[in-house]
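S.K.: Numbering (full-length UniProt numbering), first residue to last: 1 to 421. Built from N, CA and C at the ideal position, the CB exists for glycine as well. These numbers come from a predicted model, not from an experiment. My structure is below; once you've seen it, I'll send some questions.
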Amino acid sequence: MGSKKVRNYSNKGVKNIENADSSKTLKSQQMKKQRQDNYTKIDKSPVTNPDSSNSSVHKTFLFVVLALLVATTAVILTNDNLKHFMISEISEETAEFRLPIIDLDKAKVDQQAVAAQVVDALENIGFLYVDNIHGIDFDKLMECCKWFFGQPKEVKESLMRKHWKPENQNVYRGYFPVVEGDPSRKEGFEFGRDIDPNDPTVQPGNWFYEPSVWPKENGSFPFKELLQNYYEILHNASLDVLRLAAVGLGIDEHSFDPIFADRPVTTFRLMHYPPWNDAPPANAKIEDGKIITTPEHSDSNFLTMLYTFHYTGLEVLTAEGKWSAPEPRPGSFVMNIGDVFSRMMGGRFKATRHRVLDIGVDRYSVPFFFEPSYDGDIGVNFMSLATGQGPEHKVEKYGPWMIQQVKYIKKYFEYKVLPEF
Ligand SMILES: O=C(O)CCC(=O)C(=O)O
Ligand SMILES: [Fe+2]
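See the structure below:
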């Protein structure tokens, strides 16, 4: 990674000042800014106006901005967490990619406007940022990741799925290790929302509802309590976004609610991607000398809320067929939709392909895979059901569809070993 070109926010700011004499650059930057304003609050417009570059006031202003940039860079370099994005690579091409931002606070005062943004984003990009999901302490979330993945091997192994540790009972939830030779280089901890273990309506052996397993805590850090709380926050936020989507589609605000109302099988996952450290296998090397830690895929579930902290590494395949890297947006979740939601909408909403690159340092991310209840109706022609018009909607249950997808069609290594029930 050492020889790779290093780019970061501060560099981009400095670059803008250097180029400020070029009116061509200014014009294209103004046009670019116009476009960006539709998508982001981050103001990347040039800091100078080239027409007045000779004025002493202007020079003083330039000097102050430059000094501020140098100071900011110094602060960033001394902050251990922020160092990670400094050493990751964002190419010139991908650096300008912006995702639409939807703001859940704004939605409370201008529901129609935000609802229209959600629909626009899902129709055109399939990815967006969600701002203002309240109640999550992101430092604590990072602590959860570092604490868990820093546990001794035996502790993590005690939570490992039966596939890797036959004496364990859990087949679906729990810990999965890095699998040597696989281009997907990550370890993960997964849990769901527990239901009554004696519920007579759940088929015996239905591993979607197996009880979650948890590491023993030492009393100083409420790992389980924090994560269970964040699960509920993200469950509600996901429903909020779906209600906005429904409003934007012009159907009843609560059209999607019933699918999740009973017992959602949602999986909350903590992930750790160790870097390949100069030893990537051939199947992890892709174009332009890039190295992956997760191959390209679309998510299979309904909707994903992903927290990537300050890390780069995520790349999204745009409608133009270009791999693009959204800038990390600490404090916001990246949201994308999965195959099942896209299919229900007849492809109108996009389940966009994405992948994760090796950024040369340990990377953590936290996806919340929002999923319907096992019996939730995910039949195609959902809009016909919601509007009473159009091609016939047929009821189809989520659980069996999902098993078919991940076990038999996509054949994901961690699913194809799951037992029948
Ligand atoms: O870690 C990331 O940034 C993305 C993870 C992802 O795409 C997934 O787990 O499906
Ligand atoms: Fe994904």
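Measure the alpha-carbon distance for L77 versus V417 and round it to whole angstroms.
M.R.: Residue placement at L77 is poorly supported in this model, since its pLDDT is 40, which falls under 50; the coordinates still yield a value, given next. Near 45 angstroms, if we compare the C-alpha coordinates of V417 and L77.
S.K.: Can you tell me whether D339 is buried or exposed, with buried defined as 16 or more other CB within 10 angstroms of its CB?
M.R.: That one is buried.
S.K.: Tell whether a beta-carbon distance below 8 angstroms holds between F370 and M305.
M.R.: It is a contact, given that the beta carbons lie within the stated cut-off.
S.K.: Is A351 buried or exposed, if buried means 16 or more other CB atoms sit within 10 Å of its CB?
M.R.: Counting Cβ neighbours within 10 Å, A351 comes out buried, since at least 16 surround it.
S.K.: So, is N81 buried or exposed, given that buried needs 16 or more other C-beta atoms within 10 angstroms?
M.R.: Unreliable placement is indicated for N81, whose pLDDT of 39 sits below 50; the coordinate value is still reported in the next sentence. By the neighbour-count rule (16 or more Cβ atoms within 10 Å), N81 is not buried but exposed.
S.K.: From which residue to which residue does the alpha helix (DSSP H) around M142 run?
M.R.: Start and end: F138 to F149.
S.K.: Looking at the structure shown, is V241 part of a helix, part of a strand, or coil, going by DSSP?
M.R.: Helix, per DSSP.
S.K.: Quick one: is the Cβ of M335 within less than 7 angstroms of any heavy atom of ligand 1?
M.R.: No, ligand 1 has no heavy atom inside 7 angstroms of this Cβ.
S.K.: On the DSSP bridge assignment, give the partners of P367 in chain order.
M.R.: According to DSSP, P367 bridges with L306.
S.K.: Determine the direct distance from the alpha carbon of E190 to that of V178, and round the result to whole angstroms.
M.R.: Using only the alpha carbons, I get a separation of about 14 angstroms.
S.K.: Going by Cα to Cα distance, which pick from R355, Y374 and G346 is closest to S384?
M.R.: It is G346.
S.K.: Spatial neighbours of S22 within its chain, please: CB distance less than 6 angstroms, with the 5 preceding and 5 following residues excluded, ordered by chain position.
M.R.: Bear in mind that a pLDDT of 33 at S22, under 50, signals an unreliable position, so the model cannot answer this.
S.K.: Which whole-angstrom value is the C-beta distance of H272 and F149, which I expect to be below 8 angstroms?
M.R.: Contact flag correct, Cβ pair sits at about 4 angstroms.
S.K.: Return yes when at least one heavy atom of ligand 1 lies under 7 angstroms from the C-beta of L227, else no.
M.R.: Result no, Cβ not under 7 angstroms from ligand 1.
S.K.: Would you say the beta carbon of D103 comes nearer than 7 angstroms to a heavy atom of ligand 1?
M.R.: For ligand 1, not one heavy atom lies less than 7 angstroms from the Cβ of D103.
S.K.: Ordered along the chain, which non-local residues of its own chain (more than five positions away) have a Cβ less than 8 angstroms from that of P419?
M.R.: For P419, where only same-chain residues beyond five positions count, the Cβ hits under 8 angstroms are V171, G205 and W207.
S.K.: Count the other CB atoms, across all protein chains shown, that sit within 10 Å of the CB of V155; report buried if there are 16 or more and exposed otherwise.
M.R.: Exposed.
S.K.: Is it the case that the CB of D278 approaches a heavy atom of ligand 2 more closely than 7 angstroms?
M.R.: Checking every heavy atom of ligand 2 against the Cβ of D278, none is found closer than 7 angstroms.
S.K.: Can you give me the start and stop residues for the alpha helix (DSSP H) that P258 sits inside?
M.R.: That run of the alpha helix (DSSP H) goes D257 to A261.
S.K.: Could you give the first and the last residue of the continuous beta strand (DSSP E) run that contains L128?
M.R.: F127 to D131 is the extent of the beta strand (DSSP E) around L128.
S.K.: Taking only the alpha-carbon atoms, compute the straight-line gap between P400 and L314 and give it to the nearest angstrom.
M.R.: Rounded to whole angstroms, P400 to L314 spans 30 angstroms at the Cα level.
S.K.: For the beta strand (DSSP E) containing R355, name the first residue and the last one.
M.R.: Segment H354 to L357, the beta strand (DSSP E) holding R355.
S.K.: For the beta strand (DSSP E) containing R193, list its first residue and its last residue.
M.R.: No beta strand (DSSP E) contains R193, which DSSP labels as neither H nor E.
S.K.: With a threshold of 7 angstroms (Cβ to nearest heavy atom), would V114 be considered close to ligand 1?
M.R.: V114 Cβ: outside cutoff for every heavy atom of ligand 1.
S.K.: Quick one: using the 10 Å Cβ neighbour count with 16 as the cut-off for buried, is I42 buried or exposed?
M.R.: Below a pLDDT of 50, predicted positions are generally treated as unreliable, and I42, at 28, falls in that range; the measurement from the model is reported next regardless. Answer is exposed; the Cβ neighbour count stays below 16.
S.K.: Let me check you understand the geometry: is the CB of P400 closer than 7 angstroms to at least one non-hydrogen atom of ligand 1?
M.R.: No, the beta carbon of P400 sits no closer than 7 angstroms to any heavy atom of ligand 1.
S.K.: Terminal residues of the continuous alpha helix (DSSP H) containing F382?
M.R.: Per DSSP, F382 belongs to the alpha helix (DSSP H) from F382 to T387.
S.K.: If we count the other Cβ atoms within 10 Å of its Cβ and call it buried at 16 or more, is Y307 buried or exposed?
M.R.: Counting Cβ neighbours within 10 Å, Y307 comes out buried, since at least 16 surround it.
S.K.: Would you mind working out which of Y129, K407, K153 and V366 sits nearest D137, comparing C-alpha positions?
M.R.: Per the Cα distances, V366.
S.K.: Roughly how many angstroms separate the alpha carbons of V118 and L303, rounded to a whole number?
M.R.: Taking the straight line joining both Cα atoms gives about 13 angstroms.
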